[in-house]
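These notes concern the structure reproduced below.
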Amino acid sequence: MARHHDLARRGVPGSLRGPAAAEPGRGTAASLTLNVVVRISGPLDTGLLDGAYDDLIARNDVLRSTVEPDGTRWVQRVHPHRGAALEQVDAAGRTPAELAAAWAAVPVPTDQPPLARGFLAALGPEEHLLGLALHHLHTDPRSLTLAVRELAAAYEARLSGSRLPAPAEQFGPYTALRLAAANARPAEERRAWLESFAGARAMGYTCDRDIAAAPSAAGVLQRRVLDADAANALEHAALRRRSTFFAALLTGFSLGLAEHVAHRDLVMPTIFEQRDTPRARAMIGPFLHPSLLRVRVPVGSTFDSLSPHVRDVVLAAYRHTTVTPAEVYAHHPGLAEALGTERGAACIFQYLPAHGRTRPVSFGPATTGVVQEPDQRPGPTPATGMMFRLRRTDTGDVVARISYDTRHQSEDAVLAVFDDFRARLDAPLAERRAG
79 MARHHDLARR GVPGSLRGPA AAEPGRGTAA SLTLNVVVRI SGPLDTGLLD
129 GAYDDLIARN DVLRSTVEPD GTRWVQRVHP HRGAALEQVD AAGRTPAELA
179 AAWAAVPVPT DQPPLARGFL AALGPEEHLL GLALHHLHTD PRSLTLAVRE
229 LAAAYEARLS GSRLPAPAEQ FGPYTALRLA AANARPAEER RAWLESFAGA
279 RAMGYTCDRD IAAAPSAAGV LQRRVLDADA ANALEHAALR RRSTFFAALL
329 TGFSLGLAEH VAHRDLVMPT IFEQRDTPRA RAMIGPFLHP SLLRVRVPVG
379 STFDSLSPHV RDVVLAAYRH TTVTPAEVYA HHPGLAEALG TERGAACIFQ
429 YLPAHGRTRP VSFGPATTGV VQEPDQRPGP TPATGMMFRL RRTDTGDVVA
479 RISYDTRHQS EDAVLAVFDD FRARLDAPLA ERRAG
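For any residue, its number in my numbering is found by taking its place in the sequence shown, counting from 1, and adding 78.
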């Protein structure tokens, strides 16, 4: 019998909210999947690996869950496990990169459990390519790493003639507890958060183009923001200011972006990975929550003068992720309209920490190497605006994937924003040299 968890709108993670999750045929585009492909080198029992994949699906309710409307609510329906198997793929004539690209293009349906697809191709007697595709509605990038590790652990358990014990907790009950805690906060606190965006408007940052083109005319740039040593130095600078690494990056970004915005009042969509407990950090599920940041940058601001304000903005946004951006826009409809229609209106800023995605994983005597990571392939670009997606690599560097609307901005205009952002990090980094 299927189990249901009440996911009232205020408590559903952003990736589990909305009609695309509930209506068959919607939300199944390949761009909404998260994929990882690893090369397994060494002896591998493919029959046991197939059983381990079945264990992975059986152990994780979220991979057998659909989100369905129930009146004014959304409910998570956990379907009983009915068996799952890896899709065996003939690799003849195709390179690992070609296989990875083909698997990334395969959608994962949201209405037919399991909400995952697994692929296996033999490249040679002791060389295999393994691909996992999970839907963004039910998982996040860290979950891919966790899924590969859990699959390896299930395989090694089967090698030894045993099975992994059942997980201590599932995503649905965990989310219900989180929702209950959020709903226990005073209503006045929620209203104050909504009102904090009063008077906010589209940024209107500098656009040097006005070209009629298809909405999908997206440009993409890759840049390194900080090497590992500089990233560590910025972390220490943030701690000295009683702040966080995310807030330090956002401080530099706000200072740089403000130079391109006349009124210097910045409203930026973002996401937070909220895995605040040891059990959450080990759980497969959608722990990315969308939120909004409003940063006011007075003329003459420095990194030190702006840091306390940005820290408070980040902490407030992190605390209120159960209030969705959609609710903020509904409370301030003028802001929503401007963000969706005006040139230079929207700029998304995101940062995700490292989570060991490139570290080798053992499948018994065999080991893995990453062929494709989830953020190595193109993703959706906002219809109007820019997206700065930063992440920490496993080597400690901070890299940025910058997407932008080529109808409104040239590459030079986007790089000018990036350069101003990067230059504003020089002040805290100079402390390392001075010290």
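The C-beta atom is built at its ideal place from N, Cα and C for all residues, glycine as well. Values in this document were obtained by computation on a predicted structure and should not be read as measured data.
Within its chain, find whatever has a CB closer than 8 Å to the CB of Ser488; leave out the 5 residues flanking it on each side and keep chain order.
If you number the sequence shown from 1, residue 488 lands on position 410. Correct list, in chain order: Asp286, Arg287.
By Cβ distance, which residues of its chain are closer than 6 Å to Pro456, with the 5 residues on each side in sequence left out?
By one-based count along the sequence shown, residue 456 stands at place 378. Note that Pro456 scores 42 on pLDDT, short of 50, meaning its location in the model is unreliable; the coordinates nonetheless yield the value given after this. Nothing meets the Cβ criterion.
According to DSSP, what are the bridge partners of Ala194?
Along the sequence shown, read from residue 1 onward, the residue named residue 194 stands at position 116. Ala194 is bridged to Leu212.
When DSSP builds the beta bridges, which residues end up paired with Leu366?
The residue labelled residue 366 in the question sits at position 288 within the sequence shown. Per DSSP, Glu351.
Unbroken alpha helix (DSSP H) runs of length 4 or more, entirely within the segment 283-315: which are they?
none
Could you name the residues of the same chain whose beta carbon sits closer than 7 Å to that of Ala278, not counting the 5 residues immediately before and after it, in chain order?
Indexing the sequence shown from 1 puts residue 278 at position 200. Only Asp343, Val345, Arg372, His410, Leu413 meet the Cβ criterion.
Between the C-alpha atoms of Gly363 and Arg142, what's the straight-line distance to the nearest angstrom?
In the sequence shown, residue 363 corresponds to position 285, counting from 1. In the sequence shown, residue 142 corresponds to position 64, counting from 1. Rounded to the nearest angstrom, the two C-alpha atoms are 11 Å apart.
Could you tell me the distance, in whole angstroms, from the CA atom of Gln166 to the CA atom of Leu222?
Against the sequence shown, residue 166 aligns to sequence position 88. Against the sequence shown, residue 222 aligns to sequence position 144. Answer to the nearest angstrom: the Cα atoms are 20 Å apart.
Identify which residue in Arg357, Ile349, Pro356, Val339 has its Cα closest to the Cα of Pro376.
As a first step, residue 376 is located in the sequence shown; it is residue number 298 there, counting from the start. With distances taken between Cα atoms, Pro376 lies closest to Val339.
Inter-residue Cα distance where the pair is Val156 and Ala280:
Within the sequence shown, the letter at position 78 stands for residue 156. Within the sequence shown, the letter at position 202 stands for residue 280. Each residue's alpha carbon lies about 41 Å from the other.
So does the segment 383-398 actually touch the segment 319-335, counting three or more Cβ pairs closer than 8 Å?
yes
Three-state secondary structure assigned by DSSP to Arg164
By one-based count along the sequence shown, residue 164 stands at place 86. Just to set this straight, residue 164 is Leu in the shown sequence, not Arg. Looking at Leu164 - three-state DSSP - the assignment turns out to be coil, as it is neither helix nor strand.
Does any residue of chain B bring its CB to less than 8 Å from the CB of Thr111?
Structure shown: chain B not included; a single protein chain is present.
Residues near Ala244 in its chain [Cβ-Cβ closer than 8 Å; skip 5 each side]:
Indexing the sequence shown from 1 puts residue 244 at position 166. Taken in chain order, the residues that qualify are Arg137.
Using only the alpha-carbon positions, how far apart do Arg437 and Leu126 sit?
In the sequence shown, the residue the question calls residue 437 occupies position 359. In the sequence shown, the residue the question calls residue 126 occupies position 48. Taking the straight line joining both Cα atoms gives about 23 Å.
Inside the segment 381-433 only - alpha helix (DSSP H) runs reaching at least 4 residues
381-397, 403-409, 411-419
Coarse secondary structure for Glu489, derived from DSSP in three states:
For the purposes of this step, residue 489 is taken as residue 411 along the sequence shown, with counting starting at 1. Helix, per DSSP.
Which residues DSSP lists as bridging Thr111, in chain order
Indexing the sequence shown from 1 puts residue 111 at position 33. Per DSSP, His213.
Kindly give me the distance between the Cβ atoms of Thr302 and Asp472, rounded to whole angstroms, as I take these residues to be in contact under 8 Å.
Locating residue 302 in the sequence shown gives position 224, where the first residue counts as 1. Locating residue 472 in the sequence shown gives position 394, where the first residue counts as 1. Correcting the residue type first, residue 302 is Arg in the shown sequence and not Thr. Rounded, the Cβ-Cβ distance is 14 Å, inconsistent with contact.
Close beta carbons around Arg500, own chain, < 7 Å, minus the five adjacent residues each side
Along the sequence shown, one-based indexing puts residue 500 at 422. Within the same chain, Arg500 has close Cβ partners Val303.
Do the segment 163-183 and the segment 198-206 make contact, defined as three or more Cβ pairs closer than 8 Å?
yes
Could you tell me the alpha carbon to alpha carbon distance between Arg151 and Pro431, rounded to whole angstroms?
Sequence index remark: in the sequence shown, residue 151 carries index 73 (1-based). Sequence index remark: in the sequence shown, residue 431 carries index 353 (1-based). Each residue's alpha carbon lies about 33 Å from the other.
Is it true that the segment 260-279 meets the segment 321-336, where meeting means three or more beta-carbon pairs spaced less than 8 Å apart?
no
Considering just the uninterrupted stretch of the alpha helix (DSSP H) at Pro251, what are its terminal residues?
Numbered from its first residue, the sequence shown carries residue 251 at position 173. Here the alpha helix (DSSP H) through Pro251 covers 249-261.
Taking the straight line between their C-alpha atoms, what separation do you get for Pro368 and Pro347?
Translated into the one-based positions of the sequence shown, residue 368 becomes position 290. Translated into the one-based positions of the sequence shown, residue 347 becomes position 269. Each residue's alpha carbon lies about 7 Å from the other.
Do you know how far the Cα of Leu237 is from the Cα of Tyr407?
Walking along the sequence shown from the start, residue 407 turns up at place 329. Walking along the sequence shown from the start, residue 237 turns up at place 159. Whole-angstrom Cα-Cα distance: 53 Å.
Report yes if the CB atom of Gly120 is closer than 8 Å to the CB atom of Glu204, and no otherwise.
For this step, residue 120 is matched to residue 42 along the sequence shown. For this step, residue 204 is matched to residue 126 along the sequence shown. Result yes, Cβ atoms of Gly120 and Glu204 sit closer than 8 Å.
Would you give the residue range spanned by the beta strand (DSSP E) that Pro147 belongs to?
For the purposes of this step, residue 147 is taken as residue 69 along the sequence shown, with counting starting at 1. Unbroken beta strand (DSSP E) run through Pro147: 143-148.
Apart from the five residues on each side of it in sequence, which residues of its chain come closer than 6 Å, Cβ to Cβ, to Asn310?
On the sequence shown, residue 310 is found 232 positions in, with the first residue counted as 1. The answer is none, since no qualifying residue turns up.
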